[in-house]
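Note that the sequence shown covers residues 648 to 856 in our numbering.
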Amino acid sequence: MLLLDTLPSAHIIASALQSQNHPAELADPTYKTLSVLSPDSGLCFNPAHLYLVPAHTEAPVPSTAQAELQSLTIDAQQAAAVSSCSSILAGTSSESDEYGDIAVWLGGTDDATSGVFEGDNRENAVITALGLAGWLEKGAKMVKDADGTVAKSLMPSPALERVDTRVTGWEKTFALRVEGGPGSVVLFVLAGLSRATGWQALLGIGVWT
C-alpha cells in the first residue's frame, strides 16, 4: 500500500504497475489522479490491484473485492480512452484527458461505519472517508448528483459495457461531485453497495474552467 501523503514519483508508480503486468497506458493517468489527491487525502493506493482505500480502514479488503476493484479501474480508464476523456464520470465535457478513474473500497457491510453511506448525510460521509473535507473548508463546493450513472456522451466499447454491468449491479447507488478543487479540478464520485463484497466507488477527475 502507498500512503498518498508521501506520493512516490511517477516512475515508481509506473514500475509498480508494470511489475503487476497491468496495461502500461494506465500509469500516467493513474499517477495524475493520485497527485491531485495527495497530500490532502487520507487514502492509500494498492498498486497490485489498482484501488484506493481510506488509511483508517481496519478490516482487510476481501480478495473478491480486490479483483472487482481492479477490473473496475482498468475498464473505466480504457472506456474513457475510447472517448478521449479523462473520466467516464466527467465525460467529454471535461477539458482534460490526462487523468484516470480509480476504484475505491469504502468498507464491508459488517464494518461499524458502513451505515453512514446510507443516510441523508451519505455524500459528506464519502468526502470524509476520502479525507477530502479540507477541500470544502477551502471553498470547494459539493454537489449531489441525482443521476448516479456514468456520463451519457461516451463512445460505446466493451470496457464501458463491463463498467455499466458492474455499477448497475450496485444497490443504494448515489453520486456527487466537488467543484473548485486544486487547479480548478472537479472530483466525481459514483458509489454503491455490492451485496457480495461491500461499499465500492469510482473516483474520477475532470477540469472545468
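We put the CB at the ideal spot given by N, CA and C, even for glycine.
Shortest alpha-carbon distance to residue i belongs to which of the options?
i           : options               : result
residue 756 : 649, 847 and 661      : 847
residue 696 : 771, 716, 739 and 685 : 716
residue 853 : 777, 770, 764 and 749 : 749
residue 790 : 775, 776 and 770      : 770
residue 766 : 668, 698, 820 and 684 : 820
residue 784 : 828, 764, 671 and 815 : 828
residue 753 : 681, 699, 812 and 814 : 699
How about residue i and residue j: are their beta carbons less than 7 angstroms apart?
i           : j           : result
residue 729 : residue 804 : yes
residue 855 : residue 833 : yes
residue 688 : residue 651 : yes
residue 810 : residue 727 : no
residue 664 : residue 674 : yes
residue 734 : residue 851 : yes
residue 690 : residue 778 : yes
residue 718 : residue 732 : no
residue 685 : residue 649 : no
Can you tell me where the alpha helix (DSSP H) holding residue i begins and where it ends?
i           : result
residue 781 : 780-784
residue 660 : 657-666
residue 813 : 805-815
residue 627 : With the chain represented from 648 up to 856, any question about residue 627 goes unanswered, as that position is not in the structure.
residue 721 : 710-729
residue 679 : 674-684
So, is residue i buried or exposed, given that buried needs 16 or more other C-beta atoms within 10 angstroms?
i           : result
residue 693 : buried
residue 891 : The requested residue 891 is not part of the displayed model; the chain covers only 648 to 856.
residue 824 : buried
residue 721 : buried
residue 677 : buried
residue 661 : buried
residue 842 : exposed
residue 659 : exposed
residue 666 : exposed
residue 844 : buried
residue 822 : buried
residue 706 : exposed
residue 776 : buried
Mind reading off the beta-carbon distance from residue i to residue j? Whole number of angstroms is fine, and I expect it under 8 angstroms.
i           : j           : result
residue 745 : residue 679 : 5 angstroms
residue 880 : residue 817 : The structure shown does not extend to residue 880, since the chain spans only 648 to 856, so no value can be given for it.
residue 628 : residue 773 : This structure does not reach residue 628, given that the chain is present from 648 up to 856, and the question cannot be answered.
residue 806 : residue 737 : Contact flag wrong, Cβ pair sits at about 16 angstroms.
residue 713 : residue 747 : With a Cβ gap of about 18 angstroms, residue 713 and residue 747 do not count as contacting.
Let's see if you can read the secondary structure: which residues bound the beta strand (DSSP E) around residue i?
i           : result
residue 820 : 818-826
residue 691 : 690-693
residue 833 : 832-841
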